[in-house]
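Peer 1: Take the sequence shown: its position 341, counting from 1, is numbered 357 in our numbering, and each next residue is one higher.
Just dropping this structure here.
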Amino acid sequence: MIRKQQIIQKAIAANVIDSDLTAIGIMDFDGLQKTVAAAYDAFPTNFFHTFAVKANALVEVLKVLREYGMGAEVASPGELLIAKNAGFSNKDIIFDSPAKTLNDLRTCIKNDISLNIDNLQELARVDKLMLEFPNTKSVIGFRINPQIGGGAISSTSTATATSKFGYPLADGSNRQELINIYQQRPWLTSLHTHSGSQGCALELMAKGILVITELAEEINNNTGTQQIARLDIGGGLPVNFASEEVTPSFADYAQILKQTVPVLFTDKYQVKTEFGRAIAAKNGVIITRVEYTKNSGGRHIATTHAGAQIMTRTAFLPTSWPIRVTGYSAVGLEKTAEEFEIVATDVAGPCCFAGDLICADQQLPKLVPNDYVMAHDTGGYYFSNHFDYNSLPRVGVFSVSGNDENLNFNCIRKADSLDDVANNM
Ligand SMILES: *Cc1c(COP(=O)(O)O)cnc(C)c1O
17 MIRKQQIIQK AIAANVIDSD LTAIGIMDFD GLQKTVAAAY DAFPTNFFHT
67 FAVKANALVE VLKVLREYGM GAEVASPGEL LIAKNAGFSN KDIIFDSPAK
117 TLNDLRTCIK NDISLNIDNL QELARVDKLM LEFPNTKSVI GFRINPQIGG
167 GAISSTSTAT ATSKFGYPLA DGSNRQELIN IYQQRPWLTS LHTHSGSQGC
217 ALELMAKGIL VITELAEEIN NNTGTQQIAR LDIGGGLPVN FASEEVTPSF
267 ADYAQILKQT VPVLFTDKYQ VKTEFGRAIA AKNGVIITRV EYTKNSGGRH
317 IATTHAGAQI MTRTAFLPTS WPIRVTGYSA VGLEKTAEEF EIVATDVAGP
367 CCFAGDLICA DQQLPKLVPN DYVMAHDTGG YYFSNHFDYN SLPRVGVFSV
417 SGNDENLNFN CIRKADSLDD VANNM
């Protein structure tokens, strides 16, 4: 928490957060660099780590992730454009949407962008495009649903029997049919699965990866060649939202994977990952100012500027996505239980519906107007999300880098202020 204390104090002192910028997101680029290094350290050199762009679609964040050695996993034309703007080369991008249009597929295959086929109807389209572009360097494979069951959060569980994602491997004679499909198409050189996300046990994820690895071995044995050269094992490493501790770590995951699927740790396959949350979440925070406080029915309520517009999951599914908060004084000093009365508090957002809360009934040091609230572990799927990119009044995003005594802030996404609105009228 020492670095975060420095970050908030300096952000206030340097007017990074001011009366217009009443909520900001901050991405710690030094932290990101360490996290990417931890991922590379945990796995051998036949692993290549891509970043799931949906977890943080900010060009400046993607640029540094690219510099730190990651590729990009994208799932829409918009994400592809964002990845290109961040400088990723086509060979380092993988396109993974379950709803690719014919033009999406053509764009990928024509430009040597790798892709994972979701279903047999998509395969029929790709078959035709392969006649048009027989020399494409796209690495193409199927996304497999290993149908191994879900985790604790149903809306982010992708490997249930009835999941919308991928080719359901265990249904009927699907497995044999897929083996035949690969045998007839030497250009199918990859297999993909993503058994996530948040809420899935590492053992469950490893089990899904074992399923595609065994399938790859069977296909390769059948064809007598190393037709499948790449295994794409997805992302889905869960994040600890309850404390500062990074657990499970990439090393924890690597250890379980190595026990379950040892062949991944030889040079036999190129292994690709698609981590999103585990890269971004703990390297970002939201800082928001307390605008007003009140007491309602015995509950202390602090109204801030961060709510459902940037903390969508937490506002709508608070039990699945609880977020840790810390209160700070107007000059950015952490408010502690020793100095301040502890009261049952709701931290509320600015949106006009009752569920717009960052947290409810939390025992927090009593917040007053002009205090600040930090919402931890919000570097992925929170303020960076493109689905609220155009509806973010007064939320700017900054990067921070440098050692704790010498922090530098850079605006990486300008906030829309009411002044901007007024100027456009
Ligand atoms: C969302 C997603 C990811 C990233 O998931 P995390 O839980 O953020 O690691 C990776 N691959 C695919 C195909 C996804 O849809």
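Glycine included, each C-beta is placed from N, C-alpha and C at the ideal position.
1) So, with DSSP's three-state summary, where would you put SER407?
2) Counting C-beta neighbours from all protein chains within 10 Å, is the total for ALA168 16 or more, i.e. buried, or is it exposed?
3) Within a Cβ cutoff of 6 Å, which residues of the same chain sit near ILE111, ignoring the five residues on either side of it in sequence?
4) Check whether the Cβ of SER336 lies closer than 6 Å to any heavy atom of ligand 1, and answer yes or no.
5) With a CB to CB cut of under 8 Å and the five nearest residues on each side skipped, what residues in its chain are close to GLN163?
6) Taking C-alpha atoms, which residue in THR352, PHE281, HIS392 lies nearest to THR61?
7) How would you call GLN442, buried or exposed, if buried means at least 16 neighbouring beta carbons within 10 angstroms?
8) Taking all protein chains shown into account, decide if GLU290 is buried (16 or more other Cβ within 10 angstroms of its Cβ) or exposed.
9) Does the Cβ-Cβ distance between GLY103 and ARG82 come in under 7 Å?
10) May I ask which residues mark the beginning and end of the beta strand (DSSP E) holding TYR388?
11) Ends of the beta strand (DSSP E) at GLN379?
12) Look at the Cβ atom of GLY182, then the Cβ atom of ILE160, and state whether they are nearer than 7 Å.
13) Nearest to PHE266 by CA position, among ALA376, ILE303, GLY252, ALA322, is which residue?
14) Would a C-beta distance cut-off of 7 Å place THR342 and MET390 closer than the cut-off?
15) Please name the residue in SER113, PHE369, HIS210, LYS20 whose C-alpha comes closest to that of ALA331.
16) Cβ atoms of GLY250 and THR209: under 7 Å apart, would you say?
17) Could you pull out every residue in the same chain whose Cβ sits closer than 7 Å to the Cβ of SER322, ignoring the five residues on either side in sequence?
18) Can you round the beta-carbon distance between GLN9 and ASN238 to whole angstroms, since I take them to be within the 8 Å contact cut?
19) Return the residue from the list ALA27, ASN424, ASP362 that minimises the CA-CA distance to THR320.
20) Determine contact between the stretch 22–33 and the stretch 48–55, defined as no fewer than three beta-carbon pairs at a distance below 8 Å.
21) So, under 8 Å CB-CB, TYR398 and ILE326 are touching, yes? Tell me the CB distance rounded to an integer number of Å.
22) Please report how far the alpha carbon of LYS126 lies from the alpha carbon of LEU349, in whole angstroms.
23) With respect to the beta strand (DSSP E) encompassing ASN190, which residues constitute its N-terminal and C-terminal limits?
24) In this structure, does DSSP put LYS288 in helix, strand or coil?
25) Using DSSP with H/G/I as helix, E/B as strand and the rest coil, what is ILE23?
26) Enumerate, from N- to C-terminal direction, the unbroken alpha helix (DSSP H) stretches of 4 or more residues contained entirely within the stretch 95–171.
27) Could you check which residue in SER206, ASP248, LEU204, PRO202 has the C-alpha nearest to that of MET221?
28) Residues near ligand 1, CB to any non-hydrogen atom under 5 Å, in chain order?
29) Tell me the rounded alpha-carbon separation between ALA353 and PHE63.
30) Taking all protein chains shown into account, do 16 or more other C-beta atoms lie within 10 angstroms of the C-beta of ALA346, making it buried, or fewer, making it exposed?
31) Are there 16 or more other CB atoms within 10 angstroms of the CB of SER400, so buried, or fewer, so exposed?
32) DSSP three-state label for GLY313, please.
33) Considering only their Cβ atoms, is the gap separating GLY395 from ALA297 smaller than 7 Å?
34) Along the chain, which unbroken stretches of the beta strand (DSSP E) at least 3 residues long are found entirely within the stretch 218–255?
35) Is the distance from the Cβ of PRO114 to the Cβ of ASP134 below 7 Å?
Peer 2: So, from the data block:
1) Since pLDDT at SER407 reaches only 48, below the 50 mark, its modelled position is unreliable, and no value is offered.
2) By the neighbour-count rule (16 or more Cβ atoms within 10 Å), ALA168 is not buried but exposed.
3) In the sequence as displayed, the identity of residue 111 is Phe instead of Ile. VAL90, CYS124, ILE129, LEU131, listed in sequence order.
4) If you check the C-beta of SER336 against ligand 1, you find no heavy atom less than 6 Å away.
5) Once the five neighbours on either side are set aside, the close Cβ partners of GLN163 are ALA175, THR176, ALA177, SER179, PRO184, LEU185, ALA186, ASP187.
6) It is PHE281.
7) It is not possible to answer for residue 442, since the shown part of the chain is limited to 17 through 441.
8) Looking at its Cβ environment, which holds 16 or more other Cβ atoms inside 10 Å, GLU290 is buried.
9) Taking 7 Å as the Cβ cut-off, GLY103 and ARG82 qualify as a contacting pair.
10) Its beta strand (DSSP E) spans residues 388–391.
11) First-last of the beta strand (DSSP E) with GLN379: 373–381.
12) The Cβ atoms of GLY182 and ILE160 sit closer than 7 Å to each other.
13) PHE266 has its Cα closest to that of GLY252, out of ALA376, ILE303, GLY252, ALA322.
14) In terms of Cβ geometry, THR342 and MET390 form a close pair [threshold 7 Å].
15) With distances taken between CA atoms, ALA331 lies nearest to PHE369 out of SER113, PHE369, HIS210, LYS20.
16) One thing to note: THR209 has its Cβ within 7 Å of the Cβ of GLY250.
17) According to the sequence displayed, residue 322 carries Ala and not Ser. ALA39, ILE302, THR304, GLY365, ILE374, ALA391.
18) The question about residue 9 has no answer here: the residues shown for the chain are numbered 17 through 441.
19) With distances taken between Cα atoms, THR320 lies closest to ASP362.
20) Taking a cut-off of 8 Å on C-beta distances, the stretch 22–33 does not touch the stretch 48–55, as fewer than three cross pairs fall below it.
21) Approximately 6 Å separates the beta-carbon atoms of TYR398 and ILE326; this is inside 8 Å, confirming the contact.
22) C-alpha of LYS126 to C-alpha of LEU349: approximately 55 Å in a straight line.
23) Per DSSP, ASN190 belongs to no beta strand (DSSP E); it is in the alpha helix (DSSP H), 190–200.
24) LYS288 carries a strand assignment under DSSP once its states are collapsed to helix, strand and coil.
25) Helix, per DSSP.
26) You should have 118–126, 136–148.
27) Ranking SER206, ASP248, LEU204, PRO202 by Cα distance to MET221 puts ASP248 first.
28) Look at which beta carbons fall closer than 5 Å to any heavy atom of ligand 1; those residues are ALA68, ALA71, ASP112, HIS210, GLY212, SER213, GLY250, GLY251, GLY252, GLU290, PHE291, GLY292, ARG293.
29) Cα to Cα, ALA353 sits roughly 46 Å from PHE63.
30) With fewer than 16 other Cβ atoms within 10 Å, it is exposed.
31) It is buried - the Cβ of SER400 has at least 16 other Cβ atoms within 10 Å.
32) Here GLY313 sits in coil by DSSP.
33) It is a contact, given that the beta carbons lie within the stated cut-off.
34) As far as the stretch 218–255 is concerned, its whole beta strand (DSSP E) runs of at least 3 residues are 246–248.
35) Yes. Within cutoff.
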